[in-house]
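In this text, residue positions in the sequence shown follow my numbering: the first is 11, and each later residue adds one. Even glycine gets a Cβ: it sits at the ideal position worked out from N, Cα and C.
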Amino acid sequence: QNSDLDGDGEIDNLTPFNPSTLTQMPQGILLKSSYEPNQNHKILLSYRKYLNSLAGRNIDNDSYQLDYAYTPHSPYVNFSALFAYNYGRQKYNPNASFNSQSAIASKTSKNSAITLQAQNTLEFAFSQNLHYQLTLGINDLINQYSHNLTLSDYAGAESIPFQPKGLQNLFTVYADNNLSYKIFGIDFNLSGLRWDLIGHRGACDEVNITCFPKNASTIKKGGFNLNASGTVSAKIHDYFMPFISVSASSRAPNVQEMFFSNNAGNAVNPFLKPEKAMTYQGGFNGFKEGVIFQNQNLKDSLGYKILGYYTRVKDYIYSEAFFTTDNMIMFVNSTELATFYGFELEAKYDSKYFFTRISYSWQKSSQPVSYTSMGEFQGFGYSRYSVLPIDYATIDFGAKFFNQTFIIGSIVKYTGKARRVLPDSTSHSDLVGQEGNQTYTAPPLQDLPKIPTIWDLYMTYAPLPYISLKFEIQNLLDKNYLDALNAYNSSGQYGYNANGDTIYLFNNSARGRTFLASVQLKF
């Protein structure tokens, strides 16, 4: 209130903000039941339900899962299977709008997913030092996306990127191999993926010669991709176990990418190809018990892992904006390689009286930014640019008392440089290129304000094996900061001063000092 966001020298007549629109009371239910008629068979039934009302819509999700394991103590039979069904619904409120249009008011979107998996592991001991393990399996994932927004509700329904409709089927056959000989180990994994997509494409603009077929139609796309990975390791010493790995993987386009459309059939890309990645990793780890104390009652342990990696992705999928006879946004494959490289470090020391855990990660990446990551009016609020910070670290340390039943600890979290898409979308909407073959400039990025180091404190007390009490103080020093991975960092957080200059607000703060108390019962 009392703001002059447009810089005209007059206090804006803004509609008062209603905090209740962002208030939520999520509800969750989890039920599990297991049955073991004998030591060879195990059946597990699971049910999960989630209910919430948030950001103009009611969310209702149900998940059912059946797990089965058959382990007859045979080296050639270690069989497991699962069947899972998930059904999610989002019903929008009567006053809900998308991109300032009321077309989605009272509309419902749905997603149903079926997962089937079965695998068996065989073990062979050729000698005391030579062992081989083979796991053969299949996995099938079927996703169906739908909504009830039609042309009778809104004339431009096919030009609203509202929950694209379609069917996705991912069928995988895989073989995981592990060979160990003395101090050496070799893992080789091979999988074949058959992917299929079926979805609707609206009619093309008659004067848009780049769009075909012209009529509204059902698009069917599919393909087969072979994925493989291999790792070689050696246990030279408890403190030195080096490894290297190479993998070739792929990711098929999904319904939301291929059938996204803000301009009917003009913006649907039926020629979207899967991403293909090559990843190289190398490093070493170590683990040893009895580092300082060898006594059984005081025995401690030390473990660590260091690795470096490099990934290059061909045909990286992102969204681009074009202008032919009209503006449109389309998901396309990048002509440039996307690259990711960095290193990670983990270390842990544990003893009867105290412990320390340290993790650190550093990464750099180079990939195109999707146009749908822009502000809500040009990117349709479809996605947000949120990547890992350049580096981040966590230190968890504490002490144990009263035979390890009472623990006092602290977590220190460091976050390095983080970025977001510049929320002022008007500053990067200029067209470039020749008439009739133009694209918009890519969304520029902006550094977030420096994120302070965050301290948490916690205490746990387990007076009995089946009960545990925990008390936490998160963000102990009550720092005001932006969470690096909050998707709303790039949403409309800007205004203008009296001179018309853009002011970036950075007002999407994370939680301040927070007190949490919890009780866990096991029975």
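Counted within 10 angstroms of its Cβ, other Cβ atoms place residue i as buried (16 or more) or exposed
{"i": "Q11", "result": "Note on Q11: pLDDT 48, under 50, position unreliable in the model; no value is reported."}
{"i": "Y476", "result": "exposed"}
{"i": "Q37", "result": "exposed"}
{"i": "N272", "result": "buried"}
{"i": "P453", "result": "buried"}
{"i": "L487", "result": "exposed"}
{"i": "M35", "result": "exposed"}
{"i": "Q178", "result": "buried"}
{"i": "I339", "result": "buried"}
{"i": "R521", "result": "exposed"}
{"i": "F533", "result": "exposed"}
{"i": "F390", "result": "buried"}
{"i": "Y498", "result": "exposed"}
{"i": "G300", "result": "exposed"}
{"i": "S376", "result": "exposed"}
{"i": "A165", "result": "exposed"}
{"i": "L474", "result": "exposed"}
{"i": "S201", "result": "buried"}
{"i": "F194", "result": "exposed"}
Beta-carbon contacts of residue i that lie in its chain and below 7 Å, excluding the five residues immediately before and after
{"i": "S371", "result": "G352, E354, D401 and Y402"}
{"i": "Y504", "result": "P433, D434, T512, I513, Y514 and L515"}
{"i": "D163", "result": "A113"}
{"i": "L347", "result": "R322, V323 and K324"}
{"i": "S393", "result": "S380, T382 and S383"}
{"i": "V431", "result": "V379, S383, M384, Y395, P453, L455 and S500"}
Rounded straight-line distance, which links the Cα of residue j to that of residue i
{"i": "N237", "j": "R99", "result": "33 Å"}
{"i": "N307", "j": "Q456", "result": "54 Å"}
{"i": "P459", "j": "D511", "result": "19 Å"}
{"i": "Y86", "j": "L54", "result": "23 Å"}
{"i": "P104", "j": "I114", "result": "8 Å"}
{"i": "E224", "j": "C214", "result": "First, the amino acid is wrong: residue 224 is Lys here, not Glu. One C-alpha to the other measures close to 5 Å."}
{"i": "Y468", "j": "F412", "result": "17 Å"}
{"i": "S227", "j": "R523", "result": "54 Å"}
{"i": "N88", "j": "R204", "result": "26 Å"}
{"i": "P284", "j": "S260", "result": "6 Å"}
{"i": "V265", "j": "S116", "result": "23 Å"}
{"i": "K309", "j": "P399", "result": "37 Å"}
{"i": "Y326", "j": "V342", "result": "8 Å"}
{"i": "Q530", "j": "V278", "result": "50 Å"}
{"i": "Q49", "j": "S90", "result": "14 Å"}
{"i": "S361", "j": "L317", "result": "25 Å"}
{"i": "E133", "j": "T366", "result": "37 Å"}
{"i": "T345", "j": "L161", "result": "36 Å"}
{"i": "E356", "j": "Y506", "result": "45 Å"}
{"i": "K101", "j": "S119", "result": "7 Å"}
{"i": "L492", "j": "T33", "result": "20 Å"}
{"i": "Q75", "j": "F108", "result": "34 Å"}
{"i": "K175", "j": "S169", "result": "13 Å"}
8 Å contact criterion, which residue i and residue j should meet: CB distance rounded
{"i": "N295", "j": "Y319", "result": "About 14 Å separates the two Cβ atoms, so there is no contact after all."}
{"i": "Y395", "j": "S500", "result": "6 Å"}
{"i": "Q173", "j": "Y155", "result": "6 Å"}
{"i": "K298", "j": "Y363", "result": "Contact flag wrong, Cβ pair sits at about 18 Å."}
{"i": "N71", "j": "Y57", "result": "Rounded, the Cβ-Cβ distance is 11 Å, inconsistent with contact."}
{"i": "M268", "j": "G209", "result": "7 Å"}
{"i": "N496", "j": "N518", "result": "6 Å"}
{"i": "A207", "j": "P171", "result": "Residue identity differs from the one stated: residue 207 is Leu in this sequence, not Ala. In fact, because the Cβ distance is near 17 Å, the residues do not count as touching under 8 Å."}
{"i": "A94", "j": "T125", "result": "4 Å"}
{"i": "S43", "j": "K52", "result": "Going by Cβ atoms, the distance from S43 to K52 rounds to 12 Å, so no, they are not a contact pair."}
{"i": "K480", "j": "S528", "result": "5 Å"}
Residue i beta carbon near the ligand FMN (any heavy atom closer than 7 Å)
{"i": "I477", "result": "Of ligands this structure carries none, so the ligand FMN is not represented either."}
Close Cβ partners of residue i (< 6 Å) along its chain, the five nearest in sequence each way excluded
{"i": "K192", "result": "N139"}
{"i": "N96", "result": "S73 and A123"}
{"i": "F198", "result": "N187 and G240"}
{"i": "E482", "result": "Y468 and L526"}
{"i": "N121", "result": "G98 and Y155"}
{"i": "T415", "result": "A472"}
{"i": "H141", "result": "A135 and S190"}
{"i": "L312", "result": "K298, V301 and Y359"}
{"i": "A428", "result": "P399, L458 and A494"}
Same chain, Cβ closer than 8 Å to residue i, five either side skipped, listed in chain order
{"i": "D336", "result": "D215, N218, N273 and N276"}
{"i": "E445", "result": "At E445 the pLDDT is 49, less than 50, meaning the model places this residue with poor confidence; the figure from the coordinates comes in the next sentence. The answer is none, since no qualifying residue turns up."}
**Prompt:** Is the segment 220 to 233 touching the segment 241 to 257, taking contact as three or more C-beta pairs under 8 Å?
**Reply:** no
**Request:** Determine, using beta-carbon pairs with one atom in the segment 145 to 154 and one in the segment 181 to 194, whether at least three such pairs fall under 8 Å.
**Result:** yes
**Message:** Under 8 Å, with one C-beta from each stretch per pair, do the segment 288 to 295 and the segment 252 to 272 reach the 3-pair mark?
**Reply:** yes
**Message:** Check whether the segment 408 to 428 and the segment 377 to 384 are in contact - that is, three or more C-beta pairs closer than 8 Å.
**Reply:** no
**Prompt:** Is there contact here, the segment 79 to 94 with the segment 59 to 66, by at least three beta-carbon pairs under 8 Å?
**Reply:** no
**Asked** Using 8 Å as the Cβ pair cut-off and three pairs as the minimum, do the segment 412 to 425 and the segment 457 to 468 touch?
**Response** yes
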